[in-house]
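In our numbering, the protein residues as written are 1 to 81.
These notes are about the structure you will find just below.
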């Protein structure tokens, strides 16, 4: 049998952006950063909180900000009859 059949495991510290830490076994490395965990996720805490760490909503709004204005400015096409 092959000697290196399984990945190397580490005793990892999983750190959330909220500051919560937990020890677990991982193959990713000794430290695993996460953006959201069970200590701060709205489903588990019962509190609704807006989480947009990557700025995805702002990028979406910038990208499509002029879309409505462009549609309104476009004249409706008249088809041939």
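We put the beta carbon where it would ideally sit given N, CA and C, even for glycine.
Computed from a predicted model, the values in this text were never measured in an experiment.
Residue 13 is bridged by DSSP to 23, 31.
Between the segment 2-12 and the segment 29-42 there are three or more inter-stretch CB-CB distances shorter than 8 Å, so the stretches are counted as touching.
Distance from the CA atom of residue 66 to the CA atom of residue 58, rounded to whole angstroms, is 14 Å.
Counting only residues of its own chain and dropping the five nearest sequence neighbours on each side, residue 8 has a CB closer than 8 Å to the CB of 27. Counting along the chain, the unbroken alpha helix (DSSP H) around residue 73 starts and ends at 67-73.
A check of alpha carbon separations from residue 41 across 2, 71, 17, 61 identifies 17 as the nearest.
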